[in-house]
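Residue numbers (full-length UniProt numbering), protein chains in the order written: chain H, 1 to 413; chain E, 1 to 413. We treat Cβ as the ideally placed atom computed from N, Cα and C, and that holds for glycine.
There are 2 protein chains.
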Amino acid sequence: MRQSLLFTKARKEAPAGEVAFNAQLLIRAGYIYKEMAGVYAYLPLGIRVLEKIKQIVREEMDAIGGQELIMTALQRKELWEQTDRWDDEKVDVWFKSSLKNGVELGFGWSHEEPITEMMKHYISSYKDLPIYVYQFQTKLRNELRAKSGIMRGREFVMKDMYSYATDEQQHEAFYNGVIEAYMRVFERVGLKDDTFVTFASGGAFTQFSHEFQTITDAGEDMIYINREKNIAINEEVLNEETLNDLGVTKEELTLVKTAEVGNIFNFGTLKTEQLGLNYVDNTGKNIPVHLGSYGIGITRLMGVIVERFADEKGIVWPESVAPFQVHLISLCREENDKKQAEEIYQKLKASGVEVLFDDREDVSAGQKFAESDLLGIPKRYIVSQKTLENETLEMKLRTKDEAEFVKIENIYV
Amino acid sequence: MRQSLLFTKARKEAPAGEVAFNAQLLIRAGYIYKEMAGVYAYLPLGIRVLEKIKQIVREEMDAIGGQELIMTALQRKELWEQTDRWDDEKVDVWFKSSLKNGVELGFGWSHEEPITEMMKHYISSYKDLPIYVYQFQTKLRNELRAKSGIMRGREFVMKDMYSYATDEQQHEAFYNGVIEAYMRVFERVGLKDDTFVTFASGGAFTQFSHEFQTITDAGEDMIYINREKNIAINEEVLNEETLNDLGVTKEELTLVKTAEVGNIFNFGTLKTEQLGLNYVDNTGKNIPVHLGSYGIGITRLMGVIVERFADEKGIVWPESVAPFQVHLISLCREENDKKQAEEIYQKLKASGVEVLFDDREDVSAGQKFAESDLLGIPKRYIVSQKTLENETLEMKLRTKDEAEFVKIENIYV
Numbered sequence: 001m002r003q004s005l006l007f008t009k010a011r012k013e014a015p016a017g018e019v020a021f022n023a024q025l026l027i028r029a030g031y032i033y034k035e036m037a038g039v040y041a042y043l044p045l046g047i048r049v050l051e052k053i054k055q056i057v058r059e060e061m062d063a064i065g066g067q068e069l070i071m072t073a074l075q076r077k078e079l080w081e082q083t084d085r086w087d088d089e090k091v092d093v094w095f096k097s098s099l100k101n102g103v104e105l106g107f108g109w110s111h112e113e114p115i116t117e118m119m120k121h122y123i124s125s126y127k128d129l130p131i132y133v134y135q136f137q138t139k140l141r142n143e144l145r146a147k148s149g150i151m152r153g154r155e156f157v158m159k160d161m162y163s164y165a166t167d168e169q170q171h172e173a174f175y176n177g178v179i180e181a182y183m184r185v186f187e188r189v190g191l192k193d194d195t196f197v198t199f200a201s202g203g204a205f206t207q208f209s210h211e212f213q214t215i216t217d218a219g220e221d222m223i224y225i226n227r228e229k230n231i232a233i234n235e236e237v238l239n240e241e242t243l244n245d246l247g248v249t250k251e252e253l254t255l256v257k258t259a260e261v262g263n264i265f266n267f268g269t270l271k272t273e274q275l276g277l278n279y280v281d282n283t284g285k286n287i288p289v290h291l292g293s294y295g296i297g298i299t300r301l302m303g304v305i306v307e308r309f310a311d312e313k314g315i316v317w318p319e320s321v322a323p324f325q326v327h328l329i330s331l332c333r334e335e336n337d338k339k340q341a342e343e344i345y346q347k348l349k350a351s352g353v354e355v356l357f358d359d360r361e362d363v364s365a366g367q368k369f370a371e372s373d374l375l376g377i378p379k380r381y382i383v384s385q386k387t388l389e390n391e392t393l394e395m396k397l398r399t400k401d402e403a404e405f406v407k408i409e410n411i412y413v
Numbered sequence: 001m002r003q004s005l006l007f008t009k010a011r012k013e014a015p016a017g018e019v020a021f022n023a024q025l026l027i028r029a030g031y032i033y034k035e036m037a038g039v040y041a042y043l044p045l046g047i048r049v050l051e052k053i054k055q056i057v058r059e060e061m062d063a064i065g066g067q068e069l070i071m072t073a074l075q076r077k078e079l080w081e082q083t084d085r086w087d088d089e090k091v092d093v094w095f096k097s098s099l100k101n102g103v104e105l106g107f108g109w110s111h112e113e114p115i116t117e118m119m120k121h122y123i124s125s126y127k128d129l130p131i132y133v134y135q136f137q138t139k140l141r142n143e144l145r146a147k148s149g150i151m152r153g154r155e156f157v158m159k160d161m162y163s164y165a166t167d168e169q170q171h172e173a174f175y176n177g178v179i180e181a182y183m184r185v186f187e188r189v190g191l192k193d194d195t196f197v198t199f200a201s202g203g204a205f206t207q208f209s210h211e212f213q214t215i216t217d218a219g220e221d222m223i224y225i226n227r228e229k230n231i232a233i234n235e236e237v238l239n240e241e242t243l244n245d246l247g248v249t250k251e252e253l254t255l256v257k258t259a260e261v262g263n264i265f266n267f268g269t270l271k272t273e274q275l276g277l278n279y280v281d282n283t284g285k286n287i288p289v290h291l292g293s294y295g296i297g298i299t300r301l302m303g304v305i306v307e308r309f310a311d312e313k314g315i316v317w318p319e320s321v322a323p324f325q326v327h328l329i330s331l332c333r334e335e336n337d338k339k340q341a342e343e344i345y346q347k348l349k350a351s352g353v354e355v356l357f358d359d360r361e362d363v364s365a366g367q368k369f370a371e372s373d374l375l376g377i378p379k380r381y382i383v384s385q386k387t388l389e390n391e392t393l394e395m396k397l398r399t400k401d402e403a404e405f406v407k408i409e410n411i412y413v
């Protein structure tokens, strides 16, 4: 993509009133636009990062048998009343409205209910199970406060997956597979070392649920960790019993601030009993289906990545989620040099490299470098009269301070 | 994809209360699920078709310089008040709700206002123009009636594009380019011969706007067409003046029923004046930006394609939007034959063909064929003991009645 054609422009200042570091940087660099508190649009650069993250998650969900679908934002009141999650006293993040005939509707903040209701059409026998479905859905949540940028929004993208299983054993096998798949996701986006499978409060069916917590000062959670033992406990469930169960003492644990990037939850048969989702087992008995629910906050993950890797100059994207792999910056002024820079851009693209080409002519070298640092693309090539004379480019990784000269003929993959 | 693992199953009957032919077929085949009137979820097969259509549109929008982004569902009241489109008397499809502090919000049914407001951050000089942006957005519209299946939903996917230009001339050039790009889209999805660029009512700035109308009995519009002269006129603007302007007589026109699959609209400087989006021209003068707006109903297009090509046996997808190119149906019962069928599936996939593999063992041949016709995948291969003995498959196109035998070695691309 040619930077001269990109409608967004880097800004020196974040908008007044934006207090979150991740959103400040992302707005300044032109990845996102703030519509209102907790509500952000994703601009051409931002949508590229989002799609990269989604594709990583999609591949890992497909690999464990997930089938992608997309449910609806509009929600029927009757359904959520059956599980007692319609009342604002019970769920305090609903946005609600009504049809012209007065029928009340909600806007989807989660989707266990509609997916489970739908499965009544597709599940009748044990032969139909297990089923794993997931979606990338824009969730709408009427949050009281929204001050964490894209890490906690009123409108945000979540990957939510739901598993339907015959029994605890079939459920458990998949549940454990999701833990591994989630850790592969966090590894691929560069967060593995700082992300912990964390014991958190369970529900009617289990002592614990599992959260995936990533260490960051921008987080809203506090967890206790022991890196050697690979144990992490949300402070909400830290007590004598938990410590005993997990074989660790409080002294061995360190308190850290974290953001919840994923969570997985065993609903058991609670919700399927409420909604009447049953199957017939191989003896002819009618039995409620086991439900599991598994989320990764896609836009939150993008925010956490920014928070985790950014430095004083700007964003630093891991290559796997960067909007482009290469930022090719032209400082050429002579026609012949410009032609060569253009050729390099075309050949890089043709060789399959994603390139942002800073072909702008009315911008100083200093501004180009500063903006490049702000954008955070992993690899920067500078092409100028000087480098062309030696048939080289100046190459610098965003994570390093030193640049080196590389032969042009060697940059194509 | 293995059909044995697909959680959806074909049904013989459409749900009671679903009156639209497109939705009846799509629900029966497992492409979509009806959440409520005008609100449909897209299941694994359906999401594949949607993504195919989106990708065709994306390529054509990118080719004319479009930059993809994604705006928000949540909308600020103040903004829409500035253009007098907040009041329910003026716009009767709003869903509205409010934040916990009482601030009223709307849910996006269109996005001219927020995108134009945003552009105030990115447009200041004539050098910043033109800008073309587009999105695939889930629109929410509080329609009084919703009886056309996915052709008119309360929740649906639209590609909406917006152009910002210095003046009428710059605007016009892009506007005409969009007409061509849209016709390429309709050609690629198989609808070109039945789709007409149609004169429809304009606005404050132009005598006409242009709609893209596709002939179908499921449509809600009536237009007058003359195929030879390639003229189409929405009945709403058919009068003496229009006939004179277009050089056609009423006798030369035929009245047909159509669905509006796209529309393009010249807002001139009306909305940018209301919202204060100006640029400085090369003489230093402050001038309002020209706005154009261009929509294609993505889910509606999917519905129109179903309506247009389906026959009494089920859906018939054009290859460009089909969820899979090949439906490989195994009738094998012997282990060795099954192994060979599996090999064919793997080799087809490896050669880059998208294959739905009907590997189900407890389903009769007759049911498999009937369901295959319902699903509408363009090419069907049947593999059985008999065909394997001759090292062939039985091949039939969904659009043809005759089958033929093809050598297995020749099916890989």
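Using a C-beta to C-beta distance shorter than 8 Å, which residues of chain E count as neighbours of residue i?
{"i": "Y134(H)", "result": "Chain E residues near Y134(H): none, gap ~10 Å exceeds 8 Å."}
{"i": "V39(H)", "result": "T72, L74"}
{"i": "S97(H)", "result": "F95, K96, S97, F107, N142"}
{"i": "I47(H)", "result": "E68, L69, I70"}
{"i": "K12(H)", "result": "Simply none; closest approach about 13 Å."}
Just tell me which of the options has its CA closest to the CA of residue i.
{"i": "L374(H)", "options": "Q24(H), S4(H), L388(H)", "result": "Q24(H)"}
{"i": "A232(H)", "options": "E241(H), D217(H), H210(H), V280(H)", "result": "H210(H)"}
{"i": "G108(E)", "options": "G30(H), T272(H), E155(H)", "result": "E155(H)"}
{"i": "E236(H)", "options": "P318(H), I64(H), I223(H)", "result": "I223(H)"}
{"i": "L144(H)", "options": "R141(E), R184(E), V185(E), S98(E)", "result": "S98(E)"}
{"i": "V103(E)", "options": "S148(H), A37(H), T138(H)", "result": "A37(H)"}
{"i": "G149(E)", "options": "L275(E), D311(E), V321(E), E220(E)", "result": "E220(E)"}
{"i": "residue 421(H)", "options": "W94(E), C332(E), V133(E), Q385(E)", "result": "This structure does not reach residue 421(H), given that chain H is present from 1 up to 413, and the question cannot be answered."}
{"i": "M158(E)", "options": "S110(E), N176(E), K192(E)", "result": "S110(E)"}
{"i": "I377(H)", "options": "G366(H), D160(H), S320(H), K347(H)", "result": "S320(H)"}
For a contact meaning CB atoms closer than 7 Å, what does residue i contact in chain H?
{"i": "K100(E)", "result": "N142, L144"}
{"i": "R154(E)", "result": "L74"}
{"i": "F7(E)", "result": "Q67, Y122, I131, V133"}
Taking DSSP's pairing of strands, which residues face residue i in a bridge?
{"i": "N234(E)", "result": "I223(E)"}
{"i": "residue 420(H)", "result": "No information on residue 420(H) is available, as it lies outside the stretch 1 to 413 that chain H covers here."}
{"i": "F186(E)", "result": "According to DSSP, F186(E) bridges with nothing at all."}
{"i": "Q213(E)", "result": "F196(E), E260(E)"}
{"i": "T138(E)", "result": "V157(E)"}
{"i": "T254(E)", "result": "I225(E)"}
{"i": "R76(H)", "result": "L105(H)"}
{"i": "I296(H)", "result": "K159(H), G262(H)"}
{"i": "H327(E)", "result": "L356(E), R380(E)"}
Evaluate residue i with the Cβ neighbour count: other Cβ atoms within 10 Å of its Cβ, from every protein chain shown; 16 or more gives buried, anything less gives exposed.
{"i": "residue 415(E)", "result": "The requested residue 415(E) does not occur in the structure, where chain E is confined to residues 1 to 413."}
{"i": "L255(E)", "result": "exposed"}
{"i": "L43(H)", "result": "buried"}
{"i": "N127(E)", "result": "According to the sequence provided, residue 127(E) is Lys. The question's Asn does not apply to it. Burial call: exposed."}
{"i": "S293(H)", "result": "buried"}
{"i": "Q207(E)", "result": "exposed"}
{"i": "K313(H)", "result": "exposed"}
{"i": "K271(E)", "result": "buried"}
{"i": "T249(H)", "result": "exposed"}
{"i": "E334(H)", "result": "exposed"}
List the residues of chain E that residue i touches, going by C-beta distances under 9 Å, in chain order.
{"i": "M118(H)", "result": "Y33, E35, A41, L43"}
{"i": "I215(H)", "result": "In chain order: nothing, as chain E lies at least about 29 Å away."}
Note down, in chain order, every chain E residue with its Cβ under 7 Å from the Cβ of residue i.
{"i": "P114(H)", "result": "E35"}
{"i": "T299(H)", "result": "Near T299(H) there are no residues of chain E at all, since even the closest Cβ is about 11 Å away, more than 7 Å."}
Can residue i be considered in contact with the ligand FMN, in the sense that its beta carbon sits closer than 7 Å to one or more heavy atoms?
{"i": "A63(E)", "result": "The ligand FMN is not among the ligands present in this structure, which contains no ligands whatsoever."}
Below 8 Å on C-beta distance, what does residue i contact in chain H?
{"i": "T138(E)", "result": "A73, T138"}
**Q.** Inter-stretch contact at 8 Å, needing at least 3 Cβ pairs: the segment 275 to 293 of chain E / the segment 159 to 168 of chain E
**A.** They touch, by the three-pair rule.
Q. Would the segment 72 to 84 of chain H and the segment 57 to 71 of chain E be scored as touching if the rule is three or more Cβ pairs under 8 Å?
A. No, the segment 72 to 84 of chain H does not touch the segment 57 to 71 of chain E.
(Q) For the structure I just gave you, are there three or more beta carbon pairs, one from the segment 297 to 310 of chain H and one from the segment 52 to 59 of chain H, closer than 8 Å? (A) Counting Cβ pairs under 8 Å, three or more are found: they touch.
Q) Within the chosen definition, does the segment 389 to 407 of chain E reach the segment 350 to 362 of chain E through at least 3 CB pairs nearer than 8 Å? A) Cβ pair count under 8 Å is below three, so no.
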